[in-house]
Amino acid sequence: MMRALKFGIPLLVFAALVAFFAVGLTRDPREVPSPFIGKPAPAFTLTQLGAPERVFTPEEMRGKVWLLNVWASWCVSCRVEHPLLVDMSRKRLVPIVGLDYKDKRDDGLQWLAKHGDPYQLSAYDDEGKVGIDYGVYGVPETFVIDKQGIIRYKQIGPITQEALEKTILPLVKKLDG
Amino acid sequence: MIPELGHFALVVALALATAQAVLSFTGAATGRMALMATSRSIAIGQFLFVAGAFAALAYSFVTSDFSVLNVAEHSNSRLPAHYRFAATWGSHEGSMLLWTLMLAGWTFAVALFSRHLPERLAARVLGVMGLVSAGFILFILLTSNPFERLIPAAEEGRDLNPLLQDPGMVVHPPMLYMGYVGFSVVFAFAIAALLEGRLDAAWARWSRPWTTAAWCFLTVGIMMGSAWAYYELGWGGWWFWDPVENASFMPWLAGTALIHSLAVTEKRGTFRSWTVLLAIVAFSLSLVGTFLVRSGVLTSVHAFATDPRRGIFILLFLVVVVGGSLALFAWRAPRVGLGSAFSPVSRESFLLANNVLLAVALAAVMLGTLYPLFLDALHLGKISVGPPYFDAVFVPLMAPAVFLMAIGPVASWKRARLPDLWVRLRWAFGVAVAAALVLPFVLGRWSPLVAFGLWLGLWVVTSSVAQLAQRLRTAPQATLGAKLRAQSLSWYGMTLAHLGVAVFIFGVTVVKGYETERDLRMAPGQHTRIGGYDFEFKGTREVPGPNYTAVEGTFDVRHAGSAQVIRTLHPQKRTYPVAGQTMTEAAIDWGITRDLYVSLGEPVDGGAWGVRVYHKPFVDWIWGGCVVMALGGFLALSDRRYRFARAPSVPAGAAARAAAR
């Protein structure tokens, strides 16, 4: 009896593995929870990219649902999501504020001139200090911030059509409503 | 038309695979020779139809038929021809078809080279392989049809992922799959043996060459993947413990253990149930690896676009194949019996220790790979397990395994005496220790870890030399040449494979101990010095490629303090407009004693670039060691006792009667 049991161990181990695999199939490992979600968006004051004499702080957006999109002229994948942002701004779906991250001011402006400027304005974070406060580790990143200034969602990497339609826009609508 | 023919061929192949399984099993169960005999021809037919399907897909790729969805998504008319061909397996659908082709190929080989086997065993082996093949073809037809049409056809294809546009893509996946899938043969042998209830030395002798062959391909496949990652990803790393790397490495560990345990089963009749279990586990891990990669339950650089239906199908398939075989194992293995006893010091014990260490290492790699999945399933949070974990558990497990590997072949079967072993190996041991103490000074700087690594590698070499010397001393032949020829090829193969491990360890140790890297901003005309070499950045220029444009940097390399340029390196930064991706193409000056490696990062300003420069001493020994291991395997395979192991084809009874007359 004990011997027979011993030979059954591999089967039991495998059964446990299958159970985990089955649960695993229902999860998305790419979904990384951000510690920033549900927290107030960190405050900052930065000059504007296009107008160095003027500043921007997230306070100004109080009462609006808005997107903070972290981008840079050196960032290759930003070009991938950029047409979607331009399209969104043309349709006036939601105000988008850019955060030009660790960039040269001229490069950033040229890049916008070339690819289109979907932003209400871009804050200029040349040293990347604000990026650190927002936990940016892969540019582009996009934050959805509600009327009270709370971060409700964070997209790491380029916004995809799917993420836009299934997650971001419905969320914006819900927060607006 | 061609894609439809391919699709149709695959449907026919499914019918043939099913017939192969059903007829073989029925024939074996009822003892009807005629049924069993058909399994070979059906297996050959199945291979031809799968090959036809594969050829149809490859044809669509090579001729850029963008009315096939898969081609439109993964190829482009400006892609060079060899990459258009390799793009056949550049998608999930295509790579599953390649997998199936390999499986059918191994089945074909078994059908050709199984005439010396007892009819019933051969039929059951082909039956199991037919069953696995049917499962995979069904999977392709139901969830991953590569022949799906795109109407109207696309003007142009979306291009193959630039990361895959590399010579590595042409050879790495086929080799790896040859290895992965090759374990299906020994798996089928194991299932057949469990069904027969007969598991003896003859069974082990028949299974050994198939296992070794699969293992050699897997070794080469993994090695090519590692070398590819090294020069393509531009980080200078050669192993990342990525889930998919682990998925290929786990069957390798199981296969390595299996090769050794099969040796014991053949020579001594022991370890029987353990050997069978390893045979099941090695192939099951190949299947689990497929599941992990294809279902998207783990994140990895290799992950394809995922579809939950695929994950569910493979999981069910896993339950049937792996669950079924382990249940069969639980039921039948208690009857296969134990072998002869052996003393705690004997070659059996050394091989047992090797197996235990490999199995524990396998479990540790598996735990690390699946840990994120476990935690997520239990709602305990999302984590990832990185190289520090794997390095910390893997190296301490492998070090004693390598230490024992040097002693095992010297020890005698059944009972060995430690004092004898000491007498035989003391010189080898002493030389290895002395050389390991001195060598680090020659290479640069002394450190205990480097000395330890070198000692392990040297110990394998010196003990192999000691063993060869002893064998030559005791061989009865007169001349040295005759003595050398008298040793079996399988012994040479084993020794060569072990030396491959030593070469590998030497490479890893020296690279880890002495590599230097520099990550810096360089403007044209600037120099940097690393590992005794001087690199001068001459600037960049635009160069066109077939389906990309590249910025190419020029670096003049000199020995430090010398004016003569010994090498000019041209790393590139390529932009693929169709896929919208940028790729770093490192420039490497390969060398036996060191690699010089330059890759371009991002442009900084005014012609300056972020540049990575590496000096990697003896890094090529890592892959060289793997090649030597695989060569050892092929050498062992060509041993004559596998070639002439044909049993008389007349049934045993008839032969006995003939002899009596």
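Protein sequence lines correspond, in order, to chains A and B.
Going by my numbering, the first sequence opens with residue 245, and the numbers climb by one from there.
Going by my numbering, the second sequence opens with residue 864, and the numbers climb by one from there.
Think of the CB as a built atom: it goes at the ideal place given N, C-alpha and C, for glycine as much as any other residue.
Run of the alpha helix (DSSP H) containing residue i, from where it starts to where it stops
i, result
"A:ASN313", "That residue, A:ASN313, is in no alpha helix (DSSP H); its beta strand (DSSP E) goes 310 to 315."
"B:HIS937", "932 to 937"
"A:LYS358", "349 to 359"
"B:ASP1483", "1483 to 1500"
"B:GLY1271", "No alpha helix (DSSP H) holds B:GLY1271; DSSP gives it neither H nor E."
"B:TYR1411", "Here B:TYR1411 belongs to no alpha helix (DSSP H), and DSSP marks it neither H nor E."
"B:TYR1093", "1064 to 1095"
"B:ASP1029", "Here B:ASP1029 belongs to no alpha helix (DSSP H), and DSSP marks it neither H nor E."
"B:LEU989", "982 to 1006"
"B:MET1357", "1352 to 1377"
"B:PHE1213", "1210 to 1240"
"B:THR1337", "1311 to 1337"
"B:HIS860", "Since the displayed chain B opens at 864 and closes at 1524, residue 860 of chain B lies outside it and no answer follows."
"B:MET899", "896 to 925"
Short Cβ contact (9 Å threshold) for residue i with residue j
i, j, result
"A:GLY393", "A:GLU303", "yes"
"B:ALA1216", "B:PRO1263", "yes"
"A:CYS319", "A:PRO384", "yes"
"B:GLY1042", "B:GLY1084", "yes"
"B:MET992", "B:ALA906", "yes"
"B:ARG1012", "B:ALA891", "no"
"B:ARG947", "B:VAL925", "yes"
"B:GLU1211", "B:ARG1135", "no"
"B:PHE1304", "B:TRP1484", "no"
"B:HIS1478", "B:GLY1363", "no"
"B:THR1074", "B:LEU1121", "yes"
"B:TYR1355", "B:GLY1487", "no"
"B:VAL1296", "B:TRP1104", "no"
"B:SER1047", "B:GLN909", "no"
"B:GLY1099", "B:ARG1475", "yes"
"B:PRO1030", "B:TYR1411", "no"
"B:ARG987", "B:GLU1059", "yes"
"B:VAL1420", "B:VAL1428", "yes"
"B:TRP1322", "B:ALA1291", "yes"
Cross-strand partners of residue i (DSSP beta bridge)
i, result
"B:TRP1472", "B:MET1385 and B:PRO1466"
"A:GLN292", "A:ALA367"
"A:LYS398", "A:PHE387"
"B:LEU1432", "B:PHE1418"
"B:PHE1400", "B:PHE1418"
"B:ASP1105", "Note: B:ASP1105 sits in no beta bridge, so no partner."
"B:ASP1452", "B:LEU1459"
"A:LEU343", "A:VAL314 and A:ALA367"
"B:ARG1437", "B:ALA1413 and B:MET1446"
"B:ARG1348", "Paired residue(s): none; B:ARG1348 is not in a bridge."
"B:TYR1477", "B:GLU1380 and B:TYR1460"
Supposed close pair residue i, residue j - CB separation, criterion 8 Å
i, j, result
"B:PRO1009", "B:ASN933", "5 Å"
"B:LEU1225", "B:MET1113", "6 Å"
"A:LEU255", "B:GLY1186", "7 Å"
"B:LEU1057", "B:VAL1139", "6 Å"
"B:THR1006", "B:LEU989", "About 26 Å; that fails the 8 Å criterion."
"B:PRO1434", "B:VAL1461", "5 Å"
"B:GLY957", "B:LEU898", "So it is not a contact: roughly 35 Å between Cβ atoms."
"A:GLY294", "A:LEU343", "Not really, about 14 Å apart at Cβ, beyond 8 Å."
"B:MET1038", "B:PHE1080", "6 Å"
"B:ALA1386", "B:ALA1471", "4 Å"
Endpoints, the beta strand (DSSP E) within which residue i is located
i, result
"B:THR1391", "1390 to 1393"
"B:GLU1448", "1444 to 1448"
"A:ASP331", "Taken as a continuous stretch (DSSP letters only), A:ASP331 belongs to no beta strand (DSSP E), being part of the alpha helix (DSSP H) at 320 to 334."
Residue i: CB within 8 Å of a non-hydrogen atom of the ligand HEM
i, result
"B:ALA1120", "This structure does not include the ligand HEM; it has no bound ligands of any sort."
Please identify, using Cβ separations under 9 Å, the residues of the region 1112 to 1141 of chain B that lie next to chain A, in order along the chain. SER1136 and LEU1140
If contact means a Cβ-Cβ distance below 9 Å, which residues of the region 1411 to 1434 of chain B contact chain A? none
Against chain A, which members of the region 1183 to 1206 of chain B pass a CB distance test of less than 7 Å? VAL1185, GLY1186, LEU1189, ALA1190, PHE1192, ALA1193, ALA1196 and PRO1197
If you measure beta-carbon to beta-carbon, which residues of the region 923 to 938 of chain B are closer than 8 Å to chain A? none
Give, in chain order, every residue of the region 1232 to 1245 of chain B whose Cβ lies closer than 9 Å to some Cβ of chain A. LEU1233, PRO1235, LEU1236, PHE1237, ASP1239, ALA1240, LEU1241, GLY1244 and LYS1245
Listed in chain order, which residues of the region 1057 to 1083 of chain B have Cβ atoms closer than 9 Å to some Cβ of chain A? none
Quick one, which residues of the region 290 to 315 of chain A are near chain B if we go by CB-CB under 7 Å, in chain order? none
Closer than 8 Å between beta carbons: that is the criterion. Which residues of the region 322 to 336 of chain A meet it against chain B? ARG323 and VAL324
Report the residues of the region 972 to 1003 of chain B with a CB closer than 8 Å to any CB of chain A, ordered along the chain. none
Give, in chain order, every residue of the region 1080 to 1105 of chain B whose Cβ lies closer than 7 Å to some Cβ of chain C. Annotation note: the requested chain C is absent from the structure, which comprises protein chains A and B.
Any residues in the region 1443 to 1466 of chain B with a beta carbon nearer than 7 Å to a beta carbon of chain A? Which ones, in chain order? GLY1443, THR1445 and GLU1465
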